[in-house]
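One structure is given below, encoded as structure tokens.
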Amino acid sequence: MSFCDTCVVRNSAICAALDASEIGALSTIGRRRTLQPGQSLLWEGEDSILVANVIEGLLKLSTGTEDGREQIVGVVYPSDFIGRPFGSTTAHSVTALTEAKVCVFSRADFDAFAHSHPKLEHKLLERTLAELDRTRRWMLLLGRKNASERIASFLLEIAERMMPQGCGHAPAMQQQQFELPFSRQQIADVLGLTIETVSRQLTKLKAEGIIDLPSRRAVVILDPETLLERAG
Amino acid sequence: MNAADDCCLSGVMWPYFPELLAKPVPRYTSFPTAAEFADGVCPSDVFAALEQARGEISLYVHIPFCESICWYCGCNTGAANRRQRLASYLDSLYHEIVMIGSRLPRSASIRHVAFGGGSPNAIAPTDFVRLMDTLTLHFRLTDPVISIELDPRTLNESWGAVMGGIGATRASLGVQTFAPHLQVAIGREQPMKEIARSVALLRKVGIASLNFDLMYGLPGQIMDDLVHTIETTVAMGADRVALFGYAHVPHLIPRQRRIDASALPGQYERFRMAERGYRMFVDQGYQPVGFDHFALPGDALAQASLSGRLHRNFQGFTDDDAPVTIGLGASAISSFPQLIVQNEKNSGRYRMMLSQDQLPVSKGVFRLAGDRLRGRIIERLLCHGQARVDRAILTEVYPGIAPFIEKGLLVAEEGKLVIPPAGLAYARAIASQFDPYRAGSPSRFSSAV
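Here it is as structure tokens:
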């Protein structure tokens with residue numbers, strides 16, 4: 047039984063476009079990896095420009111800046127396709143925030159495979175557009191000067207990605223509860239803020255009754271409309 | 377030629393003085409022009425200019441590939457026949473984007489992103505989206521105006537999804553002519569149906585400003601061919617039109633040797649074609665922009681023209697008034713207040729320089745105070761048909777502009793020079809009188825009309 051047959055994101059990841067025989071072929075060019083929190087995705091060997099599928103867990107996408115600083119440019123969730131090439135010869139890296147399982151491909155191999163499988167190629171285009179959209183929203187997020195706006199946008203973004211999307215969901219109507227898969231420090235890193243600012247902003251939102259923080263990681267969005275306003 | 381046809385159109389006929397159009401002149405898409413670019417600009421100059429960049433910034437990205445290359449084309453491009461070659465180029469482009477993006481101040485705000493070539497749609501749709509993603513990331517793009525030059529022959533539904541997905545609102549199609557026999561003569565066959573299909577697709581995905589590039593002076597072209605092409609262009613609803621005179625310079629552009637030079641219209645015919653084109657578009661309600669561009673009144677370019685906010689840049693007339701343009705890719709040109717710089721033209725050398733972590737700077741020119749002053753005059757003359765000129769410069773250029781004044785093609789008012797409607801076709805020739813560098817080899821430039 048191939049790995050793909052039992053994969054939990056078989057029907058929601060980009061490979062959902064492939065049938066049983068095609069998925070067999072794809073699985074031979076992919077490699078499964080399990081990562082511990084803080085571990086980056088690396089590839090041994092020459093072909094080190096990679097793309098990946100997220101099977102479980104959350105990972106952060108970052109670029110290294112010229113002066114060695116890391117800039118976090120996105121967060122990916124199960125069934126996301128990491129289409130932006132990363133690896134040892136690119137400026138981008140992928141690092142697990144929680145324990146994570148991914149399926150990794152050399153970008154050249156994946157592109158060649160997609161080129162001979164039109165449905166997959168179409169999905170690849172869709173996923174790449176979705177990734178662009180995430181990047182654009184992330185730039186908007188970072189472009190907000192206000193810490194309060196960043197925290198609010200961030201919470202909404204996480205809620206949207208973590209909430210099971212039913213058809214015709216109406217987030218404004220329901221209370222949303224989720225577990226933040228990050229520590230305060232990780233949130234600070236992701237948003238380019240200090241840990242003190244993050245804690246202060248979260249406490250403030252709780253004091254105003256917009257969110258509740260029942261435990262260290264749990265967040266309940268009590269007032270989605272106001273949170274949306276705060277996001278700017 | 378039927379003189380009566382010419383006279384029944386509105387407006388004054390353009391007077392024809394071949395001796396004033398004889399000398400080839402630059403297009404003045406920058407000042408100093410590319411003819412003045414030389415060695416002497418190095419990466420540290422570019423980094424300094426980037427770090428000092430203030431205000432709005434525009435990006436230009438060059439994709440030097442085409443599915444098939446038209447015989448007339450002087451653009452920097454090559455065949456897109458090997459995926460690996462395209463992939464390597466794009467990897468180098470990403471590298472350049474990272475290097476440049478990291479040096480821009482955080483306060484820099486990118487308002488326009490333009491893609492040109494070659495044909496930006498010669499690369500795979502997914503690769504174009506990845507390119508856009510890279511630009512978004514490293515230039516922190518939020519919501520710039522995106523414009524793209526496109527080859528209608530390879531524009532399919534996937535490209536429609538790309539245009540819509542990235543939020544492009546402006547596009548330009550290389551149409552040139554609708555006459556099938558002329559298309560054959562210039563190596564660019566694209567049936568009208570294909571253009572119409574492309575237009576429909578682009579409108580559907582949100583392109584609000586659509587430009588057609590058209591050409592006159594093509595081998596074997598007669599006035600009726602141009603008239604028909606213009607009528608079709610108007611009927612298809614082009615928001616902007618750039619009507620270029622074909623420049624036959626096979627000694628500079630070897631691929632033009634495939635074009636039958638014996639069938640080229642003579643200078644008088646070219647002149648009348650340019651004039652006919654001008655009057656047809658004006659009669660159809662287009663706002664003239666300079667003498668060879670046109671835009672519908674609601675289009676941003678027309679509005680810039682009417683409100684005195686028009687500028688020249690490497691893509692021609694523009695409503696973009698950003699003081700800094702960063703050019704990315706092989707042969708791309710960057711423009712800063714103090715400096716113009718061009719990247720290496722050859723894709724292979726471009727890639728090699730970047731693989732060594734070197735900015736792919738080839739040549740350029742520093743803008744001195746005198747250059748900036750004259751550049752402004754030249755730009756004002758070409759964009760708005762008038763410019764304030766101080767006494768010192770006026771005295772210096774007077775011998776050169778006197779023949780134009782004598783023939784009513786230029787008017788000297790108090791502290792100002794004005795090009796009246798009759799002098800429109802002579803705008804570049806007049807502007808060149810302000811260019812102290814133009815006493816170079818005339819064969820480097822294109823003919824004035």
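Residue numbers (the numbering used here), protein chains in the order written: chain S, 47 to 278; chain X, 377 to 825. Here a beta-carbon is modelled for each residue, glycine too, at the ideal position from N, C-alpha and C.
Quiz prompt | Neighbourhood of X/Ala347 by C-beta, 6 angstroms cutoff - its chain only, sequence neighbours within 5 removed | solution = Here chain X covers residues 377 to 825 and nothing more, so residue 347 of chain X does not appear.
Quiz item: Name the chain X residues whose beta carbon is nearer than 8 angstroms to that of S/Leu96?
Solution: Near S/Leu96 there are no residues of chain X at all, since even the closest Cβ is about 13 angstroms away, more than 8 angstroms.
Quiz item: The alpha helix (DSSP H) with S/Lys252 in it runs from where to where?
Solution: 241 to 253 is the span of the alpha helix (DSSP H), which, as asked, contains S/Lys252.
Quiz prompt | Contact belief for X/Ala671 with X/Arg616 at Cβ below 8 angstroms, rounded distance in angstroms | solution = About 5 angstroms; that satisfies the 8 angstroms criterion.
Quiz item: In whole angstroms, what separates the C-alpha of X/Val700 from that of X/Pro481?
Solution: Roughly 13 angstroms separates the two Cα atoms.
Self-check item: Proximity test, Cβ basis, 8 angstroms: S/Thr174 and chain X
Solution: Chain X, which has a Cβ nearer than 8 angstroms to the Cβ of S/Thr174, makes this yes.
Exercise. Could you check how far apart the C-beta atoms of X/Ala547 and X/Ile583 are, in whole angstroms? I think they sit under 8 angstroms.
Key: Contact between X/Ala547 and X/Ile583 holds: their C-beta atoms lie close to 5 angstroms from each other, under 8 angstroms.
Practice problem: Say whether chain S places a C-beta atom closer than 8 angstroms to the C-beta of X/Gly621. | Solution: With 8 angstroms as the cut-off, X/Gly621 does not count as an interface residue toward chain S.
Quiz item: Rounded C-beta distance between S/Gly70 and S/Ser48? I'm assuming under 8 angstroms.
Solution: Yes, they are in contact, since the Cβ atoms of S/Gly70 and S/Ser48 sit about 6 angstroms apart, within 8 angstroms.
Quiz item: For chain X, is any of its Cβ atoms less than 8 angstroms away from the one on S/Met219?
Solution: For S/Met219, the predicted structure reports a pLDDT of 49, less than 50, and the residue's modelled location is therefore unreliable. The matter cannot be settled from this model.
Quiz item: Beta carbon of S/Gln247, beta carbon of S/Ile197: below 8 angstroms?
Solution: Using a Cβ distance threshold of 8 angstroms, S/Gln247 and S/Ile197 count as a contacting pair.
Quiz item: Since X/Gln632 and X/Trp447 are thought to touch, with beta carbons under 8 angstroms apart, how far apart are those beta carbons, to the nearest angstrom?
Solution: Contact holds; Cβ gap of about 6 angstroms.
Quiz item: What does X/Met508 touch in chain S if you count any residue whose Cβ is under 7 angstroms from its own?
Solution: Within 7 angstroms Cβ-Cβ: Leu178.
Exercise. Tell whether a beta-carbon distance below 8 angstroms holds between X/Ala498 and X/Cys449.
Key: A distance of 8 angstroms or more separates the beta carbons of X/Ala498 and X/Cys449.
Quiz item: What residues are listed by DSSP as bridge partners for X/Cys442?
Solution: Answer is X/Ala455.
Quiz prompt | Collapsed DSSP secondary structure at S/Met219 in the structure displayed | solution = The pLDDT assigned to S/Met219 is 49, lower than 50, so where the model puts this residue is not dependable, and the model offers no usable value.
Exercise. Would you be able to state if there are at least three C-beta pairs under 8 angstroms between the stretch 584 to 598 of chain X and the stretch 541 to 558 of chain X?
Key: At 8 angstroms Cβ cutoff, the stretches touch.
Practice problem: Show which residues of chain X have a CB atom less than 7 angstroms away from the CB atom of S/Met185. | Solution: What S/Met185 touches in chain X: Thr512, Arg516, Leu517, Thr518.
Quiz item: Does DSSP classify X/Thr405 as helix, strand or coil?
Solution: DSSP places X/Thr405 in coil when its eight states are reduced to three.
Exercise. Say whether the stretch 649 to 658 of chain X touches the stretch 460 to 478 of chain X, bearing in mind that this needs 3 or more beta-carbon pairs closer than 8 angstroms, one atom from each stretch.
Key: Touching, no, given that fewer than three Cβ pairs across the two stretches are closer than 8 angstroms.
Practice problem: Express the C-alpha separation of X/Arg685 and X/Val665 in angstroms, rounding to a whole number. | Solution: Looking at the two C-alpha atoms, the distance is approximately 11 angstroms.
Quiz item: Can you name, in chain order, every residue of its own chain whose Cβ lies under 8 angstroms from the Cβ of S/Met219, other than the five neighbours on each side?
Solution: Any answer about S/Met219 is weak, because its pLDDT of 49 lies below 50 and its placement is not dependable; what the coordinates show is given next. The answer is none, since no qualifying residue turns up.
Self-check item: Bridge partners - X/Gly692, DSSP secondary structure assignment
Solution: X/Asn689.
Self-check item: Reduced DSSP secondary structure (H/G/I, E/B, other) of X/Glu789
Solution: X/Glu789 falls in the strand class under three-state DSSP.
Exercise. Go through its chain and collect everything with a Cβ distance to S/Arg180's Cβ below 7 angstroms, but skip five positions before and after it.
Key: Close CB contacts of S/Arg180 within its chain, under the 7 angstroms cut and outside five residues either way in sequence, are with Gly120 (chain order).
Quiz item: So, helix, strand or coil for S/Glu145, using DSSP?
Solution: DSSP, read as helix, strand or coil, puts S/Glu145 in coil.
Quiz prompt | the stretch 607 to 616 of chain X in contact with the stretch 636 to 647 of chain X per 3-pair CB rule at 8 angstroms | solution = In the pairwise beta carbon analysis, the stretch 607 to 616 of chain X is classified as not touching the stretch 636 to 647 of chain X: fewer than three pairs are separated by under 8 angstroms.
Quiz item: Nearest to X/Leu800 by CA position, among X/Phe647, X/Gly492, X/Pro440, is which residue?
Solution: Measuring from the Cα of X/Leu800, the nearest candidate turns out to be X/Phe647.
Quiz item: Could you give the residue range of the alpha helix (DSSP H) that holds X/Thr502?
Solution: In the DSSP annotation of this structure, the continuous segment of the alpha helix (DSSP H) that includes X/Thr502 starts and ends at 501 to 514.
Self-check item: Cα-Cα separation between S/Val140 and X/Ala456, rounded to whole angstroms
Solution: Straight-line measurement puts the Cα of X/Ala456 at about 32 angstroms from the Cα of S/Val140.
Quiz item: What is the rounded straight-line gap between the Cα of S/Glu177 and the Cα of X/Leu770?
Solution: Between the C-alpha atoms of S/Glu177 and X/Leu770 there is a straight-line separation of about 57 angstroms.
Quiz prompt | Partner residues on chain S for X/Thr502, Cβ-Cβ distance less than 7 angstroms | solution = Those are Leu170, Leu171, Thr174, listed as they occur along chain S.
Exercise. Give me the Cα-Cα distance between S/Leu187 and S/Arg115, rounded to the nearest whole angstrom.
Key: Annotation: S/Leu187 to S/Arg115 spans about 19 angstroms, alpha carbon to alpha carbon.
Quiz item: Can you tell which of X/Phe780, X/Pro520, X/Leu578, X/Val521 has its C-alpha closest to the C-alpha of X/Asp527?
Solution: Cα-wise, what sits closest to X/Asp527 is X/Leu578.
Quiz item: Can you give the beta carbon distance from S/Val280 to S/Asn99, rounded, assuming they're within the 8 angstroms contact cut?
Solution: Since the first residue shown for chain S is 47 and the last is 278, residue 280 of chain S is missing from the structure and cannot be characterised.
Exercise. Quick one: residues in its chain with C-beta nearer than 6 angstroms to the C-beta of S/Gly212, no 5 flanking neighbours on either side, listed in chain order?
Key: Caution applies to S/Gly212, whose pLDDT of 46 falls short of 50 and renders its modelled position unreliable; the value that the coordinates give is listed next. Within the same chain, S/Gly212 has no close Cβ partners at all.
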